[in-house]
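With the sequence shown counted from 1, adding 1 to any position gets you this note's numbering. Positions of the beta carbon are idealized from the N, C-alpha and C atoms, including for glycine. These numbers come from a predicted model, not from an experiment. Scroll down for the structure; my scribbles are underneath it.
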Amino acid sequence: MTCGPDYVRDLSEPILAGRAVGTFTAELYVGEPANRWSRAYCDIRRLGYPRMLPPDFPATWENFRAIGRVAFQEVGGYDDVGYGEDMTLAPKLGVMAIRVEGAACWHHNPDSPKEIFENGRWIGRGHDIKRVARPWRDNSPLKSLIRSLADVRGGSAWSTILARQCYSAGVLTGLIGRRLGIAGHAK
Numbered sequence: 002m003t004c005g006p007d008y009v010r011d012l013s014e015p016i017l018a019g020r021a022v023g024t025f026t027a028e029l030y031v032g033e034p035a036n037r038w039s040r041a042y043c044d045i046r047r048l049g050y051p052r053m054l055p056p057d058f059p060a061t062w063e064n065f066r067a068i069g070r071v072a073f074q075e076v077g078g079y080d081d082v083g084y085g086e087d088m089t090l091a092p093k094l095g096v097m098a099i100r101v102e103g104a105a106c107w108h109h110n111p112d113s114p115k116e117i118f119e120n121g122r123w124i125g126r127g128h129d130i131k132r133v134a135r136p137w138r139d140n141s142p143l144k145s146l147i148r149s150l151a152d153v154r155g156g157s158a159w160s161t162i163l164a165r166q167c168y169s170a171g172v173l174t175g176l177i178g179r180r181l182g183i184a185g186h187a188k
């Protein structure tokens with residue numbers, strides 16, 4: 002991620018003033034908007050482009066971008082669960098992060114088929130995959146192809162087909178790793 006000049010100050014201000022335990026921003030933009038793989042990644046993950054989260058995103062979220070040191074340490078920090086580690090604080094704290102306006106940042110998406118695969122693998126190994134009802138089926142080669150063709154019919158670039166296949170292969174690889182007890186961050 003690349004952060005705007007006042008990003009840390011803007012996210013920290015409500016915490017330092019005692020109005021929040023933690024904060025986040027919805028002003029999250031694609032860091033490399035001209036890269037076709039980054040754009041395809043947004044399409045397959047259903048993220049906005051070039052603004053990844055909508056302007057009317059909710060005022061609270063379980064994704065912490067900033068948190069006070071004491072609160073962070075009291076709950077033992079993030080859990081090493083792979084993808085979704087930044088969302089493990091809310092259940093332990095019993096509170097959600099509050100949205101801060103003006104804290105702009107740019108997320109650098111995977112920008113090659115290999116990076117899309119690696120990201121999918123990380124997601125497949127991670128904590129949040131448990132929220133997906135049928136991850137094995139949803140990422141099967143046939144289902145992935147059908148979804149990517151629907152994306153193209155809906156206006157996505159042809160590169161979305163390869164991107165989705167790489168992503169789904171990565172998720173399946175991550176799920177296998179998870180089954181074998183290889184969870185958390187890719188080593």
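Residues near residue i in its chain [Cβ-Cβ closer than 6 Å; skip 5 each side]
| i | result |
| --- | --- |
| Gly125 | Val172, Gly175 and Leu176 |
| Ala157 | In the sequence under discussion, the amino acid at residue 157 is Ser, which differs from the Ala named in the question. These residues qualify, in order along the chain: Asp44. |
| Asn140 | Ser169, Val172 and Leu173 |
| Ala101 | Sequence inspection shows Val at residue 101; the Ala mentioned does not correspond to that position. Contacts found: Asp11, Leu12, Thr24 and Thr26. |
| Gly69 | Ile16 |
| Gly121 | Tyr168, Gly171 and Val172 |
| Arg47 | none |
Cβ distance (whole Å) where residue i is taken to contact residue j below 8 Å
| i | j | result |
| --- | --- | --- |
| Met53 | His108 | 6 Å |
| Ser13 | Ala67 | 6 Å |
| Gly78 | Gly127 | With a Cβ gap of about 16 Å, Gly78 and Gly127 do not count as contacting. |
| Ala91 | Glu119 | Contact doesn't hold; Cβ gap of about 26 Å is too wide. |
| Phe65 | Asp87 | 6 Å |
Contacts around residue i, its chain only, beta-carbon distance under 7 Å, and the 5 residues preceding and following it disregarded
| i | result |
| --- | --- |
| Tyr50 | Val31, Arg40 and Cys43 |
| Ser113 | Trp38 |
| Arg138 | Lys144 |
| Ser36 | One point to set straight first is that residue 36 is Asn, not Ser, in the sequence displayed. Closer than 7 Å at the Cβ level, and outside the excluded window around Asn36, lie Asp112. |
Top-ranked residue by Cα proximity to residue i, from the options
| i | options | result |
| --- | --- | --- |
| Leu163 | Ala134, Arg180 and Glu116 | Glu116 |
| Gln74 | Gly83, Thr61, Lys93 and Leu146 | Lys93 |
| Arg179 | Asp129, Gln166 and Ile147 | Asp129 |
| Pro142 | Tyr8, Cys167 and Val133 | Cys167 |
| Glu33 | Met2, Pro56 and Ala18 | Met2 |
| Ile230 | Val133, Arg165 and Pro55 | Because the chain here runs from 2 to 188, residue 230 falls outside it and cannot be looked at. |
Beta carbon of residue i nearer than 9 Å to that of residue j
| i | j | result |
| --- | --- | --- |
| Leu181 | Cys106 | no |
| Cys4 | Ala151 | no |
| Pro111 | Trp38 | yes |
Chain-order list of residues whose beta-carbon lies under 8 Å from that of residue i (same chain, five-residue window excluded)
| i | result |
| --- | --- |
| Thr161 | Ala41, Asp44, Ile45, Ser149, Asp152 and Val153 |
| Pro136 | Gly125, Ile130, Val172 and Leu176 |
| Asp7 | Gly103 and Ala104 |
| Thr61 | Met97, Ala98, Ile99 and Arg100 |
| Pro55 | Ala27 and Gly49 |
| Val133 | Asp139 |
| Val76 | Leu90, Lys93 and Leu94 |
| Ala18 | none |
Test: residue i CB closer than 9 Å to a CB of chain B
| i | result |
| --- | --- |
| Gly125 | This model lacks chain B altogether; it includes just one protein chain. |
Check your understanding: Are at least three pairs of beta-carbons, each pair with one atom in the stretch 93–107 and one in the stretch 15–33, less than 8 Å apart?
Key -> yes
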